[in-house]
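As C-alpha cells, the structure follows; a few thoughts come after it.
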Amino acid sequence: MQVSSLNEVKIYSLSAGRSLPEWLSDRKKRALQKKDVDVRRRIELIQDFEMPTVSTKIKVSRDGQYIMAVGTYKPRIRCFDTYQLSQKFERCLDSEVVTFEILSDDYSKIVFLQCGRFVEFHSQHGHYYRTRIPKFGRDFSYHYPSCDLYFVGASSEVYRLNLEQGRFLNSLQTEAAESNVCDINPVHFLFALGTAEGKVECWDPRMRTRVGLLDCALSSVTADTEIEGLPSISALKFDGALNVAVGTSTGQVLLYDLRSSNPLIVKDHHYGLPIKSVQFQPQLDLILSADSRIIKMWNKDTGKIFTSMEPEHDINDVCLYPNSGVLMTANEAPKMNIYYIPVLGPAPKWCSFLDNLTEELEENPESTVYDDYKFVTRKDLENLGLAHLIGSSLLRAYMHGFFMDIRLYHKAKMMANPFAYEEYRREKIRQKIEETRAQRVQLKKLPKVNKELALKLIEEESEEHQATRRRKQKNLPSLLKDDRFKVMFENPDFQVDEQSEEFRLLNPLVSKISEKRKRKLKILEELETQEQEEEEEAEGKASDAESSESSDDEKGWVEEVRKQRKLLHQEEKVKRKERFKEDQQTVLKPQFFEIKEGEEFRSFKDSAKKQKLMKKTLGDRLKLEEKLGTLNVSDTTVGSKQATFKLKKSEQQRKQQEAEKQHRQERKSLRRSASHLRSKRGRGRLF
Numbered sequence: 001m002q003v004s005s006l007n008e009v010k011i012y013s014l015s016a017g018r019s020l021p022e023w024l025s026d027r028k029k030r031a032l033q034k035k036d037v038d039v040r041r042r043i044e045l046i047q048d049f050e051m052p053t054v055s056t057k058i059k060v061s062r063d064g065q066y067i068m069a070v071g072t073y074k075p076r077i078r079c080f081d082t083y084q085l086s087q088k089f090e091r092c093l094d095s096e097v098v099t100f101e102i103l104s105d106d107y108s109k110i111v112f113l114q115c116g117r118f119v120e121f122h123s124q125h126g127h128y129y130r131t132r133i134p135k136f137g138r139d140f141s142y143h144y145p146s147c148d149l150y151f152v153g154a155s156s157e158v159y160r161l162n163l164e165q166g167r168f169l170n171s172l173q174t175e176a177a178e179s180n181v182c183d184i185n186p187v188h189f190l191f192a193l194g195t196a197e198g199k200v201e202c203w204d205p206r207m208r209t210r211v212g213l214l215d216c217a218l219s220s221v222t223a224d225t226e227i228e229g230l231p232s233i234s235a236l237k238f239d240g241a242l243n244v245a246v247g248t249s250t251g252q253v254l255l256y257d258l259r260s261s262n263p264l265i266v267k268d269h270h271y272g273l274p275i276k277s278v279q280f281q282p283q284l285d286l287i288l289s290a291d292s293r294i295i296k297m298w299n300k301d302t303g304k305i306f307t308s309m310e311p312e313h314d315i316n317d318v319c320l321y322p323n324s325g326v327l328m329t330a331n332e333a334p335k336m337n338i339y340y341i342p343v344l345g346p347a348p349k350w351c352s353f354l355d356n357l358t359e360e361l362e363e364n365p366e367s368t369v370y371d372d373y374k375f376v377t378r379k380d381l382e383n384l385g386l387a388h389l390i391g392s393s394l395l396r397a398y399m400h401g402f403f404m405d406i407r408l409y410h411k412a413k414m415m416a417n418p419f420a421y422e423e424y425r426r427e428k429i430r431q432k433i434e435e436t437r438a439q440r441v442q443l444k445k446l447p448k449v450n451k452e453l454a455l456k457l458i459e460e461e462s463e464e465h466q467a468t469r470r471r472k473q474k475n476l477p478s479l480l481k482d483d484r485f486k487v488m489f490e491n492p493d494f495q496v497d498e499q500s501e502e503f504r505l506l507n508p509l510v511s512k513i514s515e516k517r518k519r520k521l522k523i524l525e526e527l528e529t530q531e532q533e534e535e536e537e538a539e540g541k542a543s544d545a546e547s548s549e550s551s552d553d554e555k556g557w558v559e560e561v562r563k564q565r566k567l568l569h570q571e572e573k574v575k576r577k578e579r580f581k582e583d584q585q586t587v588l589k590p591q592f593f594e595i596k597e598g599e600e601f602r603s604f605k606d607s608a609k610k611q612k613l614m615k616k617t618l619g620d621r622l623k624l625e626e627k628l629g630t631l632n633v634s635d636t637t638v639g640s641k642q643a644t645f646k647l648k649k650s651e652q653q654r655k656q657q658e659a660e661k662q663h664r665q666e667r668k669s670l671r672r673s674a675s676h677l678r679s680k681r682g683r684g685r686l687f
C-alpha cells in the first residue's frame with residue numbers, strides 16, 4: 001500500500017503492488033506469498049479487481065453492494081460483490097461498450113450502448129434484448145418518471161426509446177450538428193445535453209421543448225487559457241436542483257447556476273486534455289474533475305485546490321463510492337485502481353478495517369530506507385577526503401551523487417573538521433547576541449550619500465503607510481529599496497548641493513526642515529556610535545525634533561522666498577566685486593599666432609566680405625558673379641536658362657599656374673636669344 005500526501009491530505013493507494021497471474025495455482029500463490037515480501041504486504045481489497053487489457057467504465061449500484069466495470073479485450077462486463085469481496089459474474093459481449101447504465105438498485109437491469117449502434121438490455125440471468133438506433137450513439141440517460149431512454153450521438157436528433165411501451169417515440173430536434181454527453185437532473189428531471197459546438201441545451205421532457213441554452217465555449221476562454229480549437233462539451237453533471245458542472249475538450253471545468261448564463265467559476269486543468277469525468281462531493285463541497293492524466297479535487301465556491309492524484313496510467317473513468325472516501329478509476333491498464341482518502345469520508349461498511357489500518361499507520365509511521373543513509377556529491381567526498389571510496393561497496397551511486405552510511409559520514413566529518421563544535425558554539429553565541437540586540441531600539445540605517453534626502457523619504461513613507469492603513473490601500477514601492485535609484489545613495493557624484501541657487505529658490509522652507517533633520521541625524525549618529533561600542537542605551541526623553549511646528553502658512557513662505565532672493569542678490573554683488581578686482585590686477589599680454597606653411601596672411605576685410613556675401617540671397621550673388629565674369633546666364637531656344645561658370649581656383653592651384661606661366665616665359669626668352677645668336681653667326685660666315 002502506497003501513501004502519498006498533497007496539501008496535507010493523505011491518499012492511500014490500495015491497488016499498489018504486483019498482481020499475481022490468473023493461471024497460477026493456489027499452492028504456488030501461497031508459496032510466493034511466503035517468499036516475496038511485496039506480495040505478502042500488498043492489500044487486495046477485492047479479489048481479481050481487474051480487466052484482461054483495458055477498463056473503460058466503472059459504476060456502483062444504488063444499493064452499494066455491486067461494482068460493475070466494462071473493458072476489453074474481449075469486450076466484457078464484470079460484476080463484483082462487495083459483501084463477498086470477490087467477483088460475482090462475468091459476461092462477454094459482441095462489441096465494445098461506449099457506456100452503460102444500471103436501471104435497478106442491484107444488477108438485475110442493465111442497459112449497454114455499444115459501438116455498432118446497438119442498445120443491449122441485460123437482466124439478472126443474462127442477455128435479454130437487443131435493438132439498434134439510427135446513428136452512432138455517444139451517451140444516454142434514463143428518465144425515471146416516463147421510463148424513457150434519451151440517446152445522443154453523431155446526429156442533431158435525440159432519440160427516445162420508451163421501455164414501458166417497447167417502442168421509439170418522436171425524437172427531439174436540436175440545433176447542434178452532434179452531441180457528446182447528456183444528463184438528467186435528479187430533482188426536477190431537466191434534460192441537458194452537451195454539443196460539439198460548445199453549448200449546453202436544456203429540454204423539458206414534459207413539453208419536449210428547449211427551455212434554455214448555455215454557451216460554454218466563450219465562457220471557457222479566459223485571459224490565462226490557451227486553446228487551439230473550439231471547445232466542445234466532453235462531460236456534464238448536475239448537482240442538486242440549480243448547479244451543473246460542464247467539462248470541455250480543452251481541459252476547463254465550468255460551474256453554472258441554471259439561473260445565470262455566466263459561470264460561477266472556471267477551473268483549468270492546464271493540460272489541454274478533454275475532461276473525462278466530473279463528480280460532486282457534497283460533504284466537503286468539492287468537485288472531482290478528471291482528465292486522462294490527473295484527478296483534481298477543488299472547492300466549488302473558491303476554486304482552491306484540495307488535493308490531486310496522478311495515476312501511473314491514463315484515466316478513462318472515475319467513480320466515487322457514495323458517502324465514503326473510496327475512489328475507483330478505470331485505466332488504460334489491466335488493474336483498476338482503488339484509493340482511500342480518509343478526509344473525504346469513512347470507509348464503507350464492507351471494508352471498515354481500512355479505518356483501523358490507516359490509524360495505525362499514522363500512529364506508527366514507518367522509517368524510510370534513506371533515513372540511515374546520507375546523500376553526498378563528489379565535491380562533498382573530496383572535502384571529507386573520501387574520494388578514494390568511489391567504486392567501492394561503501395558508496396552507492398545515485399543520480400549526481402552517492403549514498404553512504406550516516407555513521408561513516410559523521411566519523412569522516414569529525415576527522416576532517418575537528419573544530420566543528422567550536423564553530424557551532426560561536427554561531428549559537430552570535431545568534432543569542434542578535435536576539436538580545438533585536439530587543440533594543442531599532443535604529444534606522446541611513447546611507448552615506450544624501451542622508452537628509454533618505455531621512456525625508458523615510459518620514460514620508462511612514463506617513464503614507466499610516467494613511468494607506470486607514471484607507472486600506474496597497475503600499476507603493478520605496479525609493480530606498482528600488483534598484484533603479486540605488487546609485488543615488490551610494491555614488492557621491494549624486495550628492496545634492498544645498499548651496500546652489502536652484503535648490504534654495506525651489507525649496508524656500510528647506511532651512512527650517514533641514515534643521516529638524518539635522519537634529520535627527522545627530523541623534524542617530526550618537527546611537528550608532530553607542531551600538532558600535534556595545535554600551536547600554538539609557539532611555540531618554542523625546543528629542544526636540546519631534547515637536548510640531550506650523551510652517552506651512554502662505555505669508556511665511558513668501559517671506560522666506562524674499563529672504564533667499566535678497567541673500568542671492570548680495571552674494572552675486574560680492575562675486576562681481578571680487579571678479580572686478582581680479583580683472584584690475586591681471587595684466588594683458590599680446591598673443592601671437594603662427595600661420596601655416598603655404599598660406600599667406602590676408603587682411604580681415606576678406607572674411608568680412610565673405611560674411612556679407614553669405615548673407616545675400618542667391619539671386620544677388622548670381623548678379624555679382626556675372627559682373628565679375630565668373631558666371632554667364634543665357635536663354636536657350638527651348639525657353640529655359642543656361643548657366644556657365646568658372647570654378648574658383650585654390651591658392652595652390654593659382655601659385656602653380658603662375659609658376660608654369662613664368663617658366664613658359666623664361667623658355668620663350670631663351671629660345672629668342674638662341675635664335676638671335678644663330679642668325680648672327682650665319683651672317684659672319686657670309687661676309
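Residue numbering for the sequence shown is 1 to 687, as defined by UniProt numbering.
Here a beta-carbon is modelled for each residue, glycine too, at the ideal position from N, C-alpha and C.
All of these numbers come straight from a predicted model, not from anything done at the bench.
Contact between I265 and G240 does not hold, since the beta-carbon distance rounds to 16 Å and is not under 8 Å. When beta bridges are read from the DSSP output, T131 appears opposite V119. Going by DSSP, N337 is part of no alpha helix (DSSP H) but of the beta strand (DSSP E) stretching over N337 to Y340. DSSP lists Q173 as the bridge partner or partners of E157. Using a Cβ distance threshold of 7 Å, L394 and A387 do not count as a contacting pair. Contact holds between the region 98-105 and the region 138-153, because three or more Cβ pairs, one in each stretch, are under 8 Å apart. Assignment of beta-bridge partners to S5 by DSSP yields K10.
Pairing D291 with L273 gives a Cβ-Cβ distance under 7 Å. The Cβ-Cβ distance between S108 and Q84 does not fall below 7 Å. Non-local beta-carbon contacts of T53 in its own chain, meaning distances under 8 Å to residues more than five positions away in sequence, involve G71, T72, Y73 and P334 in chain order. CA-CA distance, W203 to V244, rounds to 14 Å.
Contact between I77 and R62 does not hold, since their C-beta atoms are separated by about 17 Å, which reaches or exceeds 8 Å. The residues F403, M404, D405 and I406, in chain order, have a CB closer than 7 Å to that of Y373 in the same chain once the five nearest residues on each side in sequence are set aside.
Between A177 and S155, the alpha-carbon positions lie close to 6 Å from each other.
Shown here, I43 sits in coil according to DSSP, grouped into three states, outside any helix or strand.
Between the region 347-355 and the region 310-326 there are three or more C-beta pairs closer than 8 Å, enough to call the two in contact. By alpha-carbon distance to P311, the top candidate from K573, P447, L613 and Y339 is Y339. Residue nearest to I294 within the set E490, I305, M309 and K300 is M309 (criterion: CA-CA distance). Taking the CA atoms as reference points, E434 sits about 12 Å from R426. In the three-state DSSP reduction, N491 falls in the coil class, being neither helix nor strand. In the structure shown, the three-state DSSP call for Q584 is helix.
Exposure of G391 is indicated by the presence of fewer than 16 other C-beta atoms within 10 angstroms of its C-beta. DSSP places D620 in no beta strand (DSSP E) but in the uninterrupted alpha helix (DSSP H) bounded by L618 to L628. For N243, there is no enclosing alpha helix (DSSP H); the residue is found in the beta strand (DSSP E) stretching over N243 to T248.
DSSP places A416 in the uninterrupted alpha helix (DSSP H) bounded by I406 to A416. Annotated three-state conformation of E427 is helix, per DSSP.
By the beta-carbon neighbour count (other beta carbons within 10 angstroms, threshold 16), H188 is exposed. DSSP places R62 outside both helix and strand once states are collapsed to three, so it counts as coil. Taking C-alpha positions only, Y409 is separated from A416 by approximately 10 Å. For R78, the uninterrupted beta strand (DSSP E) run begins and ends at R76 to D81, by DSSP. Our two residues, L163 and H127, have alpha carbons roughly 16 Å apart in a direct line. Non-local beta-carbon contacts of D81 in its own chain, meaning distances under 7 Å to residues more than five positions away in sequence, involve Q65, Y66 and K88 in chain order.
A Cβ-Cβ distance of about 16 Å is found for the pair G212 and S179, leaving them out of contact under the 8 Å criterion.
Contact between K57 and V97 is confirmed by a C-beta separation of about 7 Å, below the 8 Å threshold. A235 places its beta carbon 7 Å or farther from that of G251.
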